[in-house]
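Novice: Take this structure first; my questions come after.
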Amino acid sequence: MAYYRRMGAVPPKRHTQHRRDDGGLSYEELIGEDGFFADSSLLYHQFIPSAIVASRPWEPPETGTVPNHPLKPRHLRLHDLFPGQDWKAADAVTGRRLLLANEDVRISYVAAGSPSPLYRNAIGDECVYVENGSALVETSFGSLEVGRGDYLVVPRATTHRWLPTGSEPLRAYCIEANSHITPPKRYLSRHGQLLEHAPYCERDLRGPDGPLRVIDEGESEVHVKHRGPGPGGVAGTVVTMPHHPFDVVGWDGCLYPYAFSIGDFEPLTGRIHQPPPAHQVFEGHNFVICNFVPRKVDYHPLAIPVPYYHSNVDSDEVMFYCGGQYEAREGAGIGQGSVSLHPGGLPHGPQPGAHERSLGVEFFDELAVMVDTFRPLQLGAAAADCEDPEYAWTWLDQGAEGRRR
985 MAYYRRMGAV PPKRHTQHRR DDGGLSYEEL IGEDGFFADS SLLYHQFIPS AIVASRPWEP
1045 PETGTVPNHP LKPRHLRLHD LFPGQDWKAA DAVTGRRLLL ANEDVRISYV AAGSPSPLYR
1105 NAIGDECVYV ENGSALVETS FGSLEVGRGD YLVVPRATTH RWLPTGSEPL RAYCIEANSH
1165 ITPPKRYLSR HGQLLEHAPY CERDLRGPDG PLRVIDEGES EVHVKHRGPG PGGVAGTVVT
1225 MPHHPFDVVG WDGCLYPYAF SIGDFEPLTG RIHQPPPAHQ VFEGHNFVIC NFVPRKVDYH
1285 PLAIPVPYYH SNVDSDEVMF YCGGQYEARE GAGIGQGSVS LHPGGLPHGP QPGAHERSLG
1345 VEFFDELAVM VDTFRPLQLG AAAADCEDPE YAWTWLDQGA EGRRR
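Here the sequence shown is numbered in our numbering, starting from 985 and rising by one per residue.
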(Lines of atoms letter the chains of each structure in order from A and count residues from 1; the text may use other names and numbers.)
(Lines give C-alpha, C1' and ligand atoms only; values in the text may rest on other atoms or scores of the structure.)
Protein backbone atom coordinates (compact mmCIF):
# COMPACT_ATOMS: atom_id res chain seq x y z
CA MET A 1 0.00 0.00 0.00
CA ALA A 2 1.92 3.06 -1.26
CA TYR A 3 0.73 5.42 1.49
CA TYR A 4 3.51 6.89 3.62
CA ARG A 5 3.42 6.68 7.42
CA ARG A 6 5.94 7.50 10.12
CA MET A 7 6.03 6.58 13.80
CA GLY A 8 8.55 7.15 16.57
CA ALA A 9 12.05 8.54 16.09
CA VAL A 10 13.75 8.26 12.70
CA PRO A 11 16.80 10.17 11.40
CA PRO A 12 16.43 12.97 8.82
CA LYS A 13 18.26 10.91 6.18
CA ARG A 14 17.83 7.19 5.60
CA HIS A 15 20.78 4.82 5.99
CA THR A 16 22.57 7.27 8.29
CA GLN A 17 23.43 7.16 11.99
CA HIS A 18 20.49 7.08 14.38
CA ARG A 19 21.57 7.11 18.00
CA ARG A 20 19.45 6.13 20.96
CA ASP A 21 19.15 8.14 24.16
CA ASP A 22 22.02 6.13 25.66
CA GLY A 23 24.27 7.08 22.75
CA GLY A 24 24.29 3.66 21.07
CA LEU A 25 23.49 3.16 17.40
CA SER A 26 20.09 1.85 16.38
CA TYR A 27 20.07 -1.05 13.92
CA GLU A 28 18.30 -0.25 10.68
CA GLU A 29 16.17 -2.97 9.04
CA LEU A 30 14.81 -2.49 5.53
CA ILE A 31 11.66 -4.53 4.92
CA GLY A 32 10.86 -4.51 1.20
CA GLU A 33 8.75 -6.39 -1.33
CA ASP A 34 9.57 -7.76 -4.78
CA GLY A 35 13.33 -7.61 -4.45
CA PHE A 36 13.19 -4.00 -3.15
CA PHE A 37 11.45 -2.86 -6.34
CA ALA A 38 8.13 -2.29 -4.54
CA ASP A 39 6.83 -0.87 -1.24
CA SER A 40 9.18 -0.89 1.74
CA SER A 41 9.66 0.45 5.25
CA LEU A 42 12.69 1.19 7.41
CA LEU A 43 12.62 0.05 11.05
CA TYR A 44 15.13 1.10 13.70
CA HIS A 45 15.86 -1.54 16.36
CA GLN A 46 17.60 -1.36 19.70
CA PHE A 47 19.12 -4.79 19.07
CA ILE A 48 20.38 -6.69 16.02
CA PRO A 49 17.17 -8.00 14.38
CA SER A 50 18.85 -11.03 12.76
CA ALA A 51 20.28 -12.47 15.99
CA ILE A 52 18.92 -15.86 17.06
CA VAL A 53 20.12 -18.31 19.70
CA ALA A 54 18.07 -21.41 18.78
CA SER A 55 15.94 -22.89 16.01
CA ARG A 56 13.64 -25.91 16.20
CA PRO A 57 10.90 -27.42 14.01
CA TRP A 58 7.28 -26.42 14.46
CA GLU A 59 4.38 -28.15 12.78
CA PRO A 60 1.83 -25.51 11.70
CA PRO A 61 -1.81 -26.51 12.22
CA GLU A 62 -3.57 -28.54 9.53
CA THR A 63 -1.77 -28.06 6.23
CA GLY A 64 -2.91 -31.26 4.43
CA THR A 65 -5.81 -31.31 1.94
CA VAL A 66 -7.88 -33.70 -0.19
CA PRO A 67 -9.48 -32.98 -3.59
CA ASN A 68 -13.10 -31.88 -3.96
CA HIS A 69 -13.94 -35.15 -5.68
CA PRO A 70 -16.47 -36.12 -6.79
CA LEU A 71 -17.06 -32.51 -7.71
CA LYS A 72 -19.97 -30.88 -5.90
CA PRO A 73 -20.93 -27.65 -4.09
CA ARG A 74 -20.26 -27.65 -0.37
CA HIS A 75 -21.71 -25.95 2.71
CA LEU A 76 -19.53 -25.67 5.81
CA ARG A 77 -20.92 -24.61 9.20
CA LEU A 78 -17.92 -22.95 10.84
CA HIS A 79 -19.52 -22.42 14.25
CA ASP A 80 -19.60 -26.21 14.66
CA LEU A 81 -15.80 -26.26 14.79
CA PHE A 82 -15.40 -24.79 18.28
CA PRO A 83 -18.26 -26.17 20.41
CA GLY A 84 -18.93 -25.17 23.99
CA GLN A 85 -15.99 -23.49 25.67
CA ASP A 86 -13.31 -24.96 23.36
CA TRP A 87 -12.54 -21.48 22.05
CA LYS A 88 -11.18 -20.32 25.39
CA ALA A 89 -8.04 -22.45 25.07
CA ALA A 90 -7.46 -21.68 21.38
CA ASP A 91 -5.34 -18.84 20.04
CA ALA A 92 -5.68 -17.01 16.73
CA VAL A 93 -2.54 -18.56 15.20
CA THR A 94 -2.03 -22.15 16.33
CA GLY A 95 -5.78 -22.72 16.76
CA ARG A 96 -6.68 -22.16 13.10
CA ARG A 97 -8.63 -24.93 11.34
CA LEU A 98 -7.94 -25.30 7.62
CA LEU A 99 -11.05 -25.21 5.42
CA LEU A 100 -9.84 -24.82 1.83
CA ALA A 101 -6.51 -24.39 0.07
CA ASN A 102 -4.63 -24.45 -3.21
CA GLU A 103 -1.20 -23.36 -4.40
CA ASP A 104 -2.09 -19.66 -4.04
CA VAL A 105 -4.22 -19.27 -0.92
CA ARG A 106 -5.27 -21.02 2.29
CA ILE A 107 -8.56 -20.25 4.05
CA SER A 108 -8.97 -21.16 7.71
CA TYR A 109 -11.15 -20.29 10.68
CA VAL A 110 -10.61 -19.88 14.40
CA ALA A 111 -12.54 -19.01 17.53
CA ALA A 112 -9.96 -17.86 20.07
CA GLY A 113 -9.80 -16.73 23.68
CA SER A 114 -6.08 -17.02 24.49
CA PRO A 115 -3.07 -14.91 23.48
CA SER A 116 -1.21 -16.19 20.44
CA PRO A 117 2.53 -16.74 20.31
CA LEU A 118 4.68 -14.27 18.43
CA TYR A 119 4.09 -15.17 14.79
CA ARG A 120 5.59 -14.43 11.40
CA ASN A 121 4.16 -15.72 8.10
CA ALA A 122 7.09 -15.87 5.67
CA ILE A 123 5.02 -17.37 2.84
CA GLY A 124 2.74 -14.45 2.03
CA ASP A 125 0.46 -11.69 3.28
CA GLU A 126 -2.52 -12.46 5.49
CA CYS A 127 -5.97 -10.88 5.36
CA VAL A 128 -7.93 -11.71 8.52
CA TYR A 129 -11.62 -10.81 8.76
CA VAL A 130 -13.02 -10.49 12.29
CA GLU A 131 -16.50 -12.02 12.34
CA ASN A 132 -17.05 -11.36 16.03
CA GLY A 133 -15.19 -10.37 19.20
CA SER A 134 -12.20 -8.06 19.46
CA ALA A 135 -8.45 -8.14 19.84
CA LEU A 136 -5.34 -6.07 20.28
CA VAL A 137 -2.82 -7.02 17.61
CA GLU A 138 0.71 -6.11 18.62
CA THR A 139 3.30 -5.81 15.85
CA SER A 140 6.82 -4.55 15.39
CA PHE A 141 5.21 -1.50 13.71
CA GLY A 142 2.93 -0.73 16.68
CA SER A 143 -0.49 -1.97 17.78
CA LEU A 144 -3.91 -2.13 16.13
CA GLU A 145 -7.28 -2.64 17.81
CA VAL A 146 -9.66 -4.72 15.70
CA GLY A 147 -13.25 -5.76 16.20
CA ARG A 148 -16.33 -7.06 14.47
CA GLY A 149 -16.31 -6.29 10.74
CA ASP A 150 -12.63 -5.38 10.52
CA TYR A 151 -10.18 -6.67 7.96
CA LEU A 152 -6.56 -6.79 9.10
CA VAL A 153 -3.96 -6.99 6.32
CA VAL A 154 -0.57 -8.18 7.62
CA PRO A 155 2.39 -8.02 5.22
CA ARG A 156 4.58 -11.06 4.76
CA ALA A 157 7.15 -11.65 7.53
CA THR A 158 5.63 -9.10 9.94
CA THR A 159 6.18 -10.27 13.52
CA HIS A 160 2.92 -9.95 15.46
CA ARG A 161 0.67 -11.54 18.07
CA TRP A 162 -3.07 -11.64 18.72
CA LEU A 163 -4.40 -10.73 22.18
CA PRO A 164 -8.20 -11.30 22.38
CA THR A 165 -10.09 -8.75 24.45
CA GLY A 166 -13.55 -8.89 26.00
CA SER A 167 -15.63 -11.86 27.08
CA GLU A 168 -16.73 -13.12 23.65
CA PRO A 169 -14.68 -15.42 21.43
CA LEU A 170 -12.55 -13.80 18.77
CA ARG A 171 -14.00 -15.39 15.61
CA ALA A 172 -11.67 -14.83 12.67
CA TYR A 173 -11.76 -15.88 9.01
CA CYS A 174 -8.16 -16.12 7.86
CA ILE A 175 -7.07 -15.73 4.22
CA GLU A 176 -3.38 -16.58 3.85
CA ALA A 177 -1.76 -15.83 0.49
CA ASN A 178 1.35 -17.13 -1.22
CA SER A 179 1.75 -13.57 -2.51
CA HIS A 180 0.98 -10.00 -1.48
CA ILE A 181 -2.56 -8.77 -0.85
CA THR A 182 -3.33 -5.27 -2.17
CA PRO A 183 -6.20 -3.08 -3.30
CA PRO A 184 -7.22 -3.90 -6.89
CA LYS A 185 -4.97 -2.23 -9.44
CA ARG A 186 -7.92 -0.56 -11.14
CA TYR A 187 -8.60 1.36 -7.90
CA LEU A 188 -5.09 2.88 -7.87
CA SER A 189 -3.40 5.72 -9.72
CA ARG A 190 -0.04 5.01 -11.36
CA HIS A 191 1.55 6.42 -8.18
CA GLY A 192 -0.53 4.25 -5.85
CA GLN A 193 -3.27 6.62 -4.64
CA LEU A 194 -6.80 5.24 -4.30
CA LEU A 195 -8.86 6.84 -7.06
CA GLU A 196 -12.26 8.54 -6.95
CA HIS A 197 -14.11 5.50 -8.28
CA ALA A 198 -12.67 3.22 -5.59
CA PRO A 199 -15.20 2.12 -2.92
CA TYR A 200 -12.84 3.22 -0.12
CA CYS A 201 -9.91 5.60 0.33
CA GLU A 202 -6.86 6.16 2.51
CA ARG A 203 -8.96 7.89 5.19
CA ASP A 204 -10.66 4.54 5.82
CA LEU A 205 -7.41 2.68 6.54
CA ARG A 206 -6.14 2.47 10.12
CA GLY A 207 -2.41 2.05 10.47
CA PRO A 208 -0.55 0.91 13.60
CA ASP A 209 -1.03 3.15 16.61
CA GLY A 210 1.53 4.21 19.18
CA PRO A 211 3.34 4.22 21.37
CA LEU A 212 5.74 1.62 20.05
CA ARG A 213 6.34 -1.24 22.48
CA VAL A 214 10.06 -0.74 23.05
CA ILE A 215 10.59 -3.64 25.43
CA ASP A 216 13.25 -6.15 26.32
CA GLU A 217 11.87 -9.29 27.92
CA GLY A 218 15.00 -11.31 27.24
CA GLU A 219 14.84 -14.39 25.01
CA SER A 220 11.67 -14.58 22.91
CA GLU A 221 10.28 -17.34 20.71
CA VAL A 222 8.80 -16.51 17.29
CA HIS A 223 6.71 -19.06 15.35
CA VAL A 224 7.62 -18.76 11.66
CA LYS A 225 5.49 -20.31 8.91
CA HIS A 226 7.56 -20.80 5.75
CA ARG A 227 7.87 -22.87 2.59
CA GLY A 228 9.17 -26.35 3.12
CA PRO A 229 8.67 -30.08 2.78
CA GLY A 230 5.46 -30.31 4.79
CA PRO A 231 1.93 -30.96 3.42
CA GLY A 232 0.98 -28.30 0.92
CA GLY A 233 4.59 -27.11 0.83
CA VAL A 234 4.16 -25.46 4.25
CA ALA A 235 6.58 -25.90 7.13
CA GLY A 236 7.24 -24.20 10.44
CA THR A 237 10.15 -23.22 12.66
CA VAL A 238 10.33 -21.68 16.11
CA VAL A 239 13.30 -19.33 16.36
CA THR A 240 14.53 -18.02 19.70
CA MET A 241 15.78 -14.45 19.66
CA PRO A 242 18.07 -13.11 22.40
CA HIS A 243 15.85 -10.03 22.69
CA HIS A 244 12.18 -9.25 22.13
CA PRO A 245 11.34 -8.34 18.50
CA PHE A 246 9.23 -5.37 19.63
CA ASP A 247 12.35 -3.25 20.17
CA VAL A 248 11.64 -0.75 17.37
CA VAL A 249 12.19 2.89 18.35
CA GLY A 250 10.88 4.30 15.06
CA TRP A 251 9.96 3.45 11.49
CA ASP A 252 8.70 5.02 8.28
CA GLY A 253 7.63 3.87 4.84
CA CYS A 254 4.75 2.47 2.84
CA LEU A 255 4.72 -1.15 4.02
CA TYR A 256 2.95 -1.97 7.29
CA PRO A 257 -0.11 -3.78 8.66
CA TYR A 258 -3.41 -1.92 8.46
CA ALA A 259 -7.07 -2.41 9.36
CA PHE A 260 -10.13 -1.59 7.28
CA SER A 261 -13.74 -1.84 8.44
CA ILE A 262 -16.20 -3.51 6.07
CA GLY A 263 -18.63 -0.80 7.20
CA ASP A 264 -16.49 1.76 5.34
CA PHE A 265 -16.86 -0.04 2.01
CA GLU A 266 -19.16 2.03 -0.23
CA PRO A 267 -21.17 -0.37 -2.43
CA LEU A 268 -21.56 0.25 -6.15
CA THR A 269 -25.17 -0.17 -7.29
CA GLY A 270 -27.02 0.14 -10.60
CA ARG A 271 -30.32 -0.25 -12.41
CA ILE A 272 -29.66 -3.97 -12.94
CA HIS A 273 -27.66 -6.58 -11.05
CA GLN A 274 -23.98 -5.69 -10.60
CA PRO A 275 -21.37 -8.41 -11.26
CA PRO A 276 -18.92 -9.58 -8.56
CA PRO A 277 -16.04 -7.25 -9.59
CA ALA A 278 -18.21 -4.33 -8.39
CA HIS A 279 -17.83 -5.73 -4.87
CA GLN A 280 -14.06 -6.33 -4.92
CA VAL A 281 -12.00 -5.09 -1.97
CA PHE A 282 -8.55 -6.79 -2.30
CA GLU A 283 -6.58 -9.01 -4.64
CA GLY A 284 -3.69 -11.47 -4.47
CA HIS A 285 -1.94 -13.66 -7.01
CA ASN A 286 -4.59 -15.86 -8.66
CA PHE A 287 -7.41 -14.85 -6.29
CA VAL A 288 -9.61 -11.89 -5.39
CA ILE A 289 -11.49 -10.87 -2.23
CA CYS A 290 -14.93 -9.27 -2.51
CA ASN A 291 -17.52 -8.27 0.06
CA PHE A 292 -21.29 -7.93 -0.17
CA VAL A 293 -22.57 -5.29 2.21
CA PRO A 294 -26.01 -3.84 3.09
CA ARG A 295 -27.09 -1.77 0.10
CA LYS A 296 -29.88 -0.50 -2.11
CA VAL A 297 -30.43 -2.86 -5.00
CA ASP A 298 -31.43 -2.68 -8.64
CA TYR A 299 -33.92 0.01 -9.60
CA HIS A 300 -34.84 -0.93 -13.18
CA PRO A 301 -38.64 -1.48 -13.16
CA LEU A 302 -38.19 -5.08 -14.35
CA ALA A 303 -35.03 -5.83 -12.36
CA ILE A 304 -34.43 -9.16 -10.62
CA PRO A 305 -32.28 -8.15 -7.61
CA VAL A 306 -30.84 -11.57 -6.75
CA PRO A 307 -28.01 -12.95 -8.94
CA TYR A 308 -28.61 -14.83 -12.16
CA TYR A 309 -27.36 -18.41 -12.42
CA HIS A 310 -23.72 -18.38 -13.43
CA SER A 311 -20.82 -20.71 -14.12
CA ASN A 312 -17.39 -20.08 -12.67
CA VAL A 313 -15.53 -21.22 -15.77
CA ASP A 314 -12.18 -19.92 -14.48
CA SER A 315 -12.55 -20.04 -10.72
CA ASP A 316 -13.90 -21.56 -7.54
CA GLU A 317 -16.16 -19.29 -5.46
CA VAL A 318 -16.04 -19.28 -1.65
CA MET A 319 -18.64 -17.23 0.23
CA PHE A 320 -18.45 -16.59 3.99
CA TYR A 321 -21.81 -15.42 5.36
CA CYS A 322 -21.13 -13.16 8.32
CA GLY A 323 -24.21 -11.00 8.84
CA GLY A 324 -27.76 -10.15 7.83
CA GLN A 325 -29.88 -12.36 5.58
CA TYR A 326 -28.45 -13.46 2.25
CA GLU A 327 -31.57 -13.39 0.09
CA ALA A 328 -30.36 -15.74 -2.66
CA ARG A 329 -29.58 -18.56 -0.18
CA GLU A 330 -32.88 -18.71 1.72
CA GLY A 331 -33.97 -22.32 2.06
CA ALA A 332 -30.47 -23.80 1.70
CA GLY A 333 -29.58 -23.98 5.40
CA ILE A 334 -27.11 -21.09 5.05
CA GLY A 335 -26.79 -18.92 8.16
CA GLN A 336 -24.37 -16.88 10.23
CA GLY A 337 -20.95 -18.51 10.09
CA SER A 338 -21.67 -20.55 6.95
CA VAL A 339 -19.24 -20.99 4.06
CA SER A 340 -20.37 -22.13 0.62
CA LEU A 341 -17.96 -23.53 -1.97
CA HIS A 342 -19.15 -23.44 -5.58
CA PRO A 343 -16.45 -25.06 -7.71
CA GLY A 344 -15.59 -24.24 -11.29
CA GLY A 345 -17.31 -26.58 -13.71
CA LEU A 346 -20.75 -26.41 -12.08
CA PRO A 347 -23.26 -23.56 -12.50
CA HIS A 348 -24.78 -22.11 -9.35
CA GLY A 349 -27.12 -19.37 -8.26
CA PRO A 350 -30.15 -18.57 -6.11
CA GLN A 351 -32.20 -21.23 -4.36
CA PRO A 352 -35.60 -22.14 -5.87
CA GLY A 353 -38.12 -19.34 -5.36
CA ALA A 354 -35.52 -16.65 -4.66
CA HIS A 355 -36.08 -14.86 -7.98
CA GLU A 356 -39.79 -14.37 -7.37
CA ARG A 357 -39.32 -13.36 -3.74
CA SER A 358 -36.78 -10.68 -4.70
CA LEU A 359 -39.04 -8.83 -7.18
CA GLY A 360 -39.73 -5.32 -5.94
CA VAL A 361 -37.18 -5.54 -3.11
CA GLU A 362 -35.26 -2.26 -2.75
CA PHE A 363 -32.67 -3.09 -0.07
CA PHE A 364 -30.56 -6.14 0.88
CA ASP A 365 -29.40 -6.41 4.48
CA GLU A 366 -26.61 -8.91 3.91
CA LEU A 367 -22.95 -9.23 4.82
CA ALA A 368 -20.59 -11.72 3.19
CA VAL A 369 -16.90 -12.05 2.31
CA MET A 370 -16.14 -13.82 -0.96
CA VAL A 371 -12.89 -15.33 -2.24
CA ASP A 372 -12.66 -16.32 -5.91
CA THR A 373 -9.65 -18.45 -6.79
CA PHE A 374 -8.27 -19.20 -10.25
CA ARG A 375 -7.01 -22.65 -9.37
CA PRO A 376 -9.17 -25.43 -7.88
CA LEU A 377 -9.52 -25.53 -4.12
CA GLN A 378 -8.99 -28.66 -2.08
CA LEU A 379 -10.62 -29.46 1.26
CA GLY A 380 -8.85 -29.12 4.60
CA ALA A 381 -9.49 -31.34 7.60
CA ALA A 382 -11.93 -28.84 9.13
CA ALA A 383 -14.19 -29.00 6.07
CA ALA A 384 -15.07 -32.63 6.79
CA ASP A 385 -15.78 -31.78 10.44
CA CYS A 386 -18.41 -29.14 9.71
CA GLU A 387 -19.94 -30.02 6.32
CA ASP A 388 -23.69 -30.03 5.72
CA PRO A 389 -24.07 -33.16 3.52
CA GLU A 390 -27.47 -32.10 2.14
CA TYR A 391 -26.42 -28.77 0.60
CA ALA A 392 -25.56 -30.07 -2.89
CA TRP A 393 -29.16 -31.17 -3.46
CA THR A 394 -30.94 -27.99 -2.31
CA TRP A 395 -31.65 -26.76 -5.86
CA LEU A 396 -33.95 -29.73 -6.51
CA ASP A 397 -37.66 -28.95 -6.57
CA GLN A 398 -39.95 -31.09 -4.48
CA GLY A 399 -40.83 -33.36 -7.37
CA ALA A 400 -37.17 -34.17 -8.01
CA GLU A 401 -36.33 -34.95 -4.39
CA GLY A 402 -36.37 -38.69 -4.90
CA ARG A 403 -34.10 -38.59 -7.96
CA ARG A 404 -30.88 -37.52 -6.26
CA ARG A 405 -28.02 -40.02 -6.02
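Backbone N, C-alpha and C fix where the C-beta goes; we use that ideal spot for every residue, glycine too.
#1: From residue 1433 to residue 1225, what distance separates their C-alpha atoms?
#2: Can you list, in chain order, the residues of its chain with a C-beta nearer than 8 angstroms to that of residue 1200? Leave out the 5 residues immediately preceding and following it.
#3: Residues in the same chain with beta-carbon distance under 8 angstroms from residue 1132, minus the five sequence neighbours each way, listed in chain order, please.
#4: When burial is assigned at 16 or more other CB atoms within 10 Å of the CB, is residue 1157 buried or exposed?
#5: Alpha carbons only, please: which of 1123, 1163, 1013 and 1045 is nearest the one belonging to residue 1365?
#6: Would you decide whether residue 925 is buried or exposed? Buried here means 16 or more other CB atoms lie within 10 Å of its CB.
#7: Can you find a CB in chain D that lies within less than 7 angstroms of the CB of residue 1251?
#8: Pick helix, strand or coil for residue 1266, following the three-state DSSP scheme.
#9: Excluding sequence positions up to five away, which residues of its chain have a Cβ less than 6 angstroms from the Cβ of residue 1163?
#10: Just checking my contact of residue 1047 with residue 1082 at CB under 8 angstroms: how many whole Å lie between their CB atoms?
#11: Can you check the region 1039-1113 for any beta strand (DSSP E) of at least 3 residues that lies completely inside it and give the ranges in chain order?
#12: Using a Cβ-Cβ cutoff of less than 7 angstroms, which residues in the same chain neighbour residue 1259 once the five nearest sequence positions on both sides are dropped?
#13: Could you compute how far the alpha carbon of residue 1335 sits from the alpha carbon of residue 1151?
#14: Beta-carbon within less than 8 angstroms of residue 1185's beta-carbon, same chain only, minus the 5 sequence neighbours each way: which residues are those?
#15: Would you grab the beta carbon distance between residue 998 and residue 1325 for me? Rounded to a whole angstrom, and I think it's under 8 angstroms.
#16: Span of the beta strand (DSSP E) holding residue 1356?
#17: Among 1333, 1306 and 1332, which residue has its Cα nearest to the Cα of residue 1322?
#18: Give every residue of the same chain whose Cβ lies closer than 7 angstroms to the Cβ of residue 1277, excluding the five residues on either side of it in the sequence, and list them in chain order.
#19: When the Cβ atoms of the region 1202-1211 are set against those of the region 1271-1289, are three or more pairs found closer than 8 angstroms?
#20: Please report the residue range of the alpha helix (DSSP H) in which residue 1368 lies.
#21: Can you tell me whether DSSP reads residue 1117 as helix, strand or coil?
#22: Are the region 1295-1305 and the region 1365-1380 touching, with three or more C-beta to C-beta distances below 8 angstroms?
#23: At what residues does the alpha helix (DSSP H) containing residue 1342 begin and finish?
#24: Run through DSSP, which three-state label would residue 1376 get?
Specialist: Reading off the structure:
#1: Any property of residue 1433 remains undetermined from this structure, which presents the chain solely from 985 to 1389.
#2: Translated into positions along the sequence shown, residue 1200 becomes position 216. Close CB contacts of residue 1200 within its chain, under the 8 angstroms cut and outside five residues either way in sequence, are with 1030, 1031, 1227, 1228 and 1231 (chain order).
#3: Your numbering for residue 1132 matches position 148 in the sequence shown. Correct list, in chain order: 1114, 1115, 1116, 1117 and 1118.
#4: For this step, residue 1157 is matched to residue 173 along the sequence shown. Looking at its Cβ environment, which holds 16 or more other Cβ atoms inside 10 Å, residue 1157 is buried.
#5: Numbered from its first residue, the sequence shown carries residue 1365 at position 381. Residue 1045 is the option with its Cα nearest to residue 1365.
#6: Beyond the ends of the chain as shown, which are 985 and 1389, falls residue 925; an answer cannot be given.
#7: Although the question refers to chain D, the structure presented lacks it and comprises just one protein chain.
#8: The residue labelled residue 1266 in the question sits at position 282 within the sequence shown. Residue state, collapsed to three classes: strand.
#9: Counting from one through the sequence shown, the residue named residue 1163 turns up at place 179. Counting only Cβ-Cβ distances below 6 angstroms, and skipping sequence neighbours, we find 1108, 1268 and 1269.
#10: Within the sequence shown, the letter at position 63 stands for residue 1047. Within the sequence shown, the letter at position 98 stands for residue 1082. At roughly 7 angstroms, the Cβ-Cβ gap stays under 8 angstroms, so residue 1047 and residue 1082 are in contact.
#11: 1058-1061, 1081-1085, 1089-1096 and 1102-1105
#12: The sequence position of residue 1259 within the sequence shown is 275, counting from 1. Around residue 1259: no qualifying Cβ.
#13: Mapped onto the sequence shown, residue 1335 falls at position 351. Mapped onto the sequence shown, residue 1151 falls at position 167. When rounded, the distance between both Cα atoms is 37 angstroms.
#14: Position 201 of the sequence shown, counted from the start, is the residue given in the question as residue 1185. Answer for residue 1185: 1178, listed in chain order.
#15: For the purposes of this step, residue 998 is taken as the residue at position 14 of the sequence shown. For the purposes of this step, residue 1325 is taken as the residue at position 341 of the sequence shown. About 46 angstroms; that fails the 8 angstroms criterion.
#16: For the purposes of this step, residue 1356 is taken as residue 372 along the sequence shown, with counting starting at 1. 1350-1357 is the span of the beta strand (DSSP E), which, as asked, contains residue 1356.
#17: Residue mapping note: residue 1322 aligns to position 338 of the sequence shown, counting from 1. That would be 1306, whose Cα lies nearest to the Cα of residue 1322.
#18: Sequence index remark: in the sequence shown, residue 1277 carries index 293 (1-based). Around residue 1277, the same chain offers 1246, 1249, 1251 and 1351 as residues with beta carbons nearer than 7 angstroms, after the five sequence neighbours per side are excluded.
#19: no
#20: For the purposes of this step, residue 1368 is taken as residue 384 along the sequence shown, with counting starting at 1. From DSSP, the alpha helix (DSSP H) with residue 1368 extends over 1365-1370.
#21: Taking the first residue of the sequence shown as 1, we reach residue 1117 at position 133. Residue 1117: coil per DSSP, three-state reduction.
#22: no
#23: The count along the sequence shown starts at 1 and reaches residue 1342 at position 358. Note, residue 1342: alpha helix (DSSP H), 1338-1342.
#24: Counting from 1 along the sequence shown, the entry for residue 1376 is found at position 392. Looking at residue 1376 - three-state DSSP - the assignment turns out to be helix.
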